[in-house]
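Engineer: Quick one: the structure is below, questions incoming.
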Amino acid sequence: MEAKSFAVWDYVVFAALFVISSGIGVFFAIKERKKATSREFLVGGRQMSFGPVALSLTASFMSAVTILGAPSEVYRFGASFALFFIAYAFVVILTSELFLPVFYRSGITSTYEYLQLRFNKPVRYAATVIYIVQTILYTGVVVYAPALALNQVTGFDLWGSVFATGIVCTFYCTLGGLKAVVWTDAFQMVVMIVGFLTVLIQGSAHAGGLHNVIEQSTNGSRLNIFDFDVDPLRRHTFWTISVGGTFTWLGIYGVNQSTIQRCISCKTEKHAKLALYFNLLGLWIILVCAVFSGLIMYSHFKDCDPWTSGIISAPDQLMPYFVMEIFSTMPGLPGLFVSCAFSGTLSTVAASINALATVTFEDFVKSCFPHLSDKLSTWTSKGLCLLFGVLCTSMAVAASLMGGVVQAALSIHGMCGGPMLGLFSLGIMFPFVNWKGALSGLLTGITLSFWVAIGAFLYPAPASKTWPLPLSTDHCVLSNVTESVPTVLPSRPAIADTWYSLSYLYYSAVGCLGCIAAGIIISFLTG
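Taking full-length UniProt numbering, I'd label the letters of the sequence shown as residues 1 to 527.
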């Protein structure tokens with residue numbers, strides 16, 4: 001595929017995103033220079049209001065993974081992705097009513113402090129290490145995958161965008177702390193919505209109006225949303241998305257440091273809950289935009305699928321390729337969409353860096369050096385932001401091995417987030433569970449979720465469980481077509497078509513329920 005190129009105005013619009021994001025960091029560094037305490041730097045002095053925090057929460061987890069990956073999922077597998085609407089609602093309600101009150105009233109800064117209060121230090125340290133590994137891996141996917149997709153479609157420099165993302169995020173996190181992250185996220189959320197709306201309006205016009213989009217999507221079976229098949233091996237059904245998706249996203253929202261840190265930065269518990277509920281509206285808006293983008297994209301490419309025809313090499317390139325087509329005569333608008341995608345990346349990476357610095361400082365540095373001065377604590381926190389900025393950017397290299405962006409990102413969260421959700425659930429909901437049960441449960445959950453995820457990576461599920469809906473190349477002008485050479489597939493163990501073929505959305509449920517079950521049993525056995 002020959003990459004379409006950016007015009008000067010596209011680069012101007014894209015550069016403006018980075019300049020404004022950096023400027024917000026500089027602004028808060030100057031504004032808050034007289035309040036240079038670690039508390040101010042890490043949790044905004046616990047004086048944030050719900051509005052910017054809500055926007056920040058949405059922006060952080062509706063990353064470029066969603067902007068590029070979700071429309072591609074809808075294009076290939078249909079609008080059942082919209083069922084995350086249900087999962088998001090359950091997740092926000094459970095987080096705000098079950099988990100948040102415990103963390104907020106504890107007066108903690110690191111989520112994992114609770115584990116020491118409830119169990120002991122080894123449980124706290126084990127959970128912190130798992131969180132650090134999970135977040136660095138996830139951030140690598142978030143940085144690398146969109147940069148690669150945009151590079152191959154637009155010609156935008158791959159490593160230039162990767163390093164620019166890492167440098168800018170590290171810059172404003174290190175300078176401005178949590179306040180800079182929250183307000184920059186709020187700005188980037190606006191950019192994401194504007195970018196999506198621009199694509200929806202222009203894409204609908206190209207397709208002949210929304211009525212045509214709905215009609216063609218119906219004819220192409222893209223609107224068969226409610227598939228109630230209970231088979232857990234099916235990739236996306238009502239149950240895998242609404243149940244499995246709830247477990248996956250509850251691990252992301254309910255007990256994740258990045259989320260809880262922003263919630264406890266709010267001035268009151270009421271503001272924290274409002275931030276979560278208003279964030280739910282943001283999640284729904286982005287989800288609706290992503291689903292309609294996928295349907296519009298299907299309407300546009302219904303007679304010539306650029307993926308199966310070989311015009312593009314990966315499904316994650318569908319959205320940027322579509323954007324370059326519909327905005328080909330409108331300089332500046334492709335740059336706006338790329339800014340939309342990278343807003344998602346910047347917000348997620350910044351939140352990750354800030355959260356990583358917080359848990360490392362609170363769980364390790366303060367434990368070893370409890371009498372650090374405020375000034376030294378602040379400089380240490382900034383140094384940790386710098387360190388994790390470098391690590392997260394470096395991890396982007398490994399992300400090239402992880403496949404499709406949505407599945408890779410949610411698989412990482414499922415493998416680690418599920419057992420962590422189980423661990424906190426043991427602490428909050430089962431008062432009889434002791435530290436031996438908690439630690440054993442965590443290790444059991446991690447073992448189970450990694451076992452199924454690594455098995456699925458080595459032995460992908462049968463095509464019958466993951467095959468996309470029909471895609472046509474009837475009207476394509478094909479070139480450079482090569483015949484496929486038959487290959488002999490390696491022998492598959494029996495477990496590959498059962499356990500290893502489990503939907504990736506159930507990884508979190510496996511880890512969580514495995515952790516809870518083992519924790520309860522071990523606690524009973526050890527008294």
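Note that beta-carbon positions come from the ideal geometry of N, C-alpha and C, so glycine has one too.
Would you kindly check if the distance between the Cβ of I296 and the Cβ of L83 is under 7 angstroms?
Structural biologist: In this structure, I296 does not lie closer than 7 angstroms to L83 by Cβ.
Engineer: Would you kindly report the start and end of the unbroken alpha helix (DSSP H) that includes S72?
Structural biologist: 70-77 is the span of the alpha helix (DSSP H), which, as asked, contains S72.
Engineer: Using the Cα positions of Q47 and K267, report the straight-line distance between them to the nearest angstrom.
Structural biologist: Each residue's alpha carbon lies about 4 angstroms from the other.
Engineer: How many Å lie between H206 and G294 at the Cα?
Structural biologist: C-alpha separation (whole angstroms): 14 angstroms.
Engineer: V288 to S204, Cα distance in whole Å?
Structural biologist: Spanning the two alpha carbons is a distance of roughly 14 angstroms.
Engineer: Three or more beta-carbon pairs under 8 angstroms between the region 345-360 and the region 172-183, yes or no?
Structural biologist: Enough Cβ pairs lie closer than 8 angstroms, so yes.
Engineer: Could you check where the alpha helix (DSSP H) with T198 kicks off and where it finishes?
Structural biologist: Unbroken alpha helix (DSSP H) run through T198: 158-206.
Engineer: So K436 and T174 are in contact, right, with Cβ under 8 angstroms, and what is the actual spacing, rounded?
Structural biologist: That belief does not hold up - the Cβ atoms of K436 and T174 are roughly 40 angstroms apart, past 8 angstroms.
Engineer: Where DSSP assigns a beta bridge to residue 537, which residues make up the other side?
Structural biologist: Residue 537 lies beyond the range of the chain shown here (1 to 527); nothing can be said about it.
Engineer: Using the C-alpha atoms, what's the distance from G527 back to T444?
Structural biologist: Using only the alpha carbons, I get a separation of about 19 angstroms.
Engineer: Hey, how far is the Cα of A275 from the Cα of C263?
Structural biologist: Their Cα atoms are separated by approximately 7 angstroms.
Engineer: Name the residue from G155, V74, E269, A517 whose alpha carbon lies nearest to the alpha carbon of S221.
Structural biologist: Looking at the Cα atoms, V74 is the closest of the given residues.
Engineer: What residue range is occupied by the uninterrupted alpha helix (DSSP H) comprising E40?
Structural biologist: Looking at the DSSP string, the run of the alpha helix (DSSP H) that includes E40 is 38-43.
Engineer: Considering only C-alpha positions, which residue in the set I516, D229, S56, F430 is nearest to A350?
Structural biologist: Answer by Cα proximity: S56.
Engineer: If you draw a straight line from the alpha carbon of V255 to that of P315, how long is it in whole angstroms?
Structural biologist: Computed Cα separation, rounded: 31 angstroms.
Engineer: Taking only the alpha-carbon atoms, compute the straight-line gap between S49 and Y104 and give it to the nearest angstrom.
Structural biologist: Roughly 15 angstroms between the two C-alpha positions.
Engineer: Would you kindly work out how many angstroms separate the C-alpha atoms of A456 and Y500, rounded to a whole number?
Structural biologist: For A456 and Y500, the distance between alpha carbons rounds to 5 angstroms.
Engineer: Decide if A186 is buried, meaning its Cβ has at least 16 other Cβ atoms within 10 Å, or exposed.
Structural biologist: So A186 counts as buried.
Engineer: So what's T248 in DSSP terms, helix, strand or just coil?
Structural biologist: Helix at T248.
Engineer: Secondary structure at S523, three-state DSSP: helix, strand or coil?
Structural biologist: S523 falls in the helix class under three-state DSSP.
Engineer: Classify T329 as buried or exposed, calling it buried when 16 or more other Cβ atoms lie within 10 Å of its own Cβ.
Structural biologist: By the 10 Å Cβ count, T329 comes out exposed.
Engineer: Quick check on DSSP: helix, strand or coil for M324?
Structural biologist: Correct three-state label for M324: helix.
Engineer: Buried or exposed: which applies to F41, given that a residue is buried once 16 or more other Cβ atoms fall within 10 Å of its Cβ?
Structural biologist: When all chains shown are included, F41 counts as buried.
Engineer: Please say whether T128 and Y253 have beta carbons closer to each other than 7 angstroms?
Structural biologist: Their beta carbons are not under 7 angstroms apart, which means Y253 does not touch T128 by this criterion.
Engineer: Grouping DSSP H, G and I as helix and E and B as strand, with all else coil, what is L469?
Structural biologist: L469 falls in the coil class under three-state DSSP.
Engineer: Exposed or buried, which one is residue 536 when buried takes at least 16 other CB atoms within 10 Å?
Structural biologist: Lying outside 1 to 527, the shown extent of the chain, residue 536 is not represented and no answer is given.
Engineer: Taking just the CA atoms, how far does Y114 sit from G514?
Structural biologist: Approximately 21 angstroms between the Cα atoms of the pair.
Engineer: Leaving aside the five residues before and after T246 along the sequence, list all residues of the same chain whose C-beta is less than 7 angstroms from its C-beta, in chain order.
Structural biologist: Result list for T246: A87, F90, V91, in chain order.
Engineer: Can you give the Cα-Cα distance for H475 and S299, rounded to whole angstroms?
Structural biologist: Looking at the two C-alpha atoms, the distance is approximately 14 angstroms.
Engineer: When you compare only the Cα positions, how much space is there between A341 and M62?
Structural biologist: So the two alpha carbons sit approximately 10 angstroms from each other.
Engineer: By Cβ distance, which residues of its chain are closer than 7 angstroms to S258, with the 5 residues on each side in sequence left out?
Structural biologist: Answer for S258: S60, A351, S352, A355, listed in chain order.
Engineer: For the alpha helix (DSSP H) holding V255, just list the boundary residues, first then last.
Structural biologist: Neither: V255 is in no alpha helix (DSSP H) and is coded neither H nor E.
Engineer: At what residues does the alpha helix (DSSP H) containing A314 begin and finish?
Structural biologist: Segment: none, A314 is in no alpha helix (DSSP H) and carries neither H nor E.
Engineer: Using the three-state DSSP reduction, which class does N151 fall into: helix, strand or coil?
Structural biologist: Here N151 sits in helix by DSSP.
Engineer: Would you report the Cα separation of Q202 and F337, rounded to the nearest angstrom?
Structural biologist: In a straight line, the C-alpha of Q202 is about 12 angstroms away from that of F337.
Engineer: Among V477, K465, L502, whose alpha-carbon lies nearest the alpha-carbon of L448?
Structural biologist: Comparing Cα-Cα distances from L448 to each of V477, K465, L502, the minimum goes to L502.
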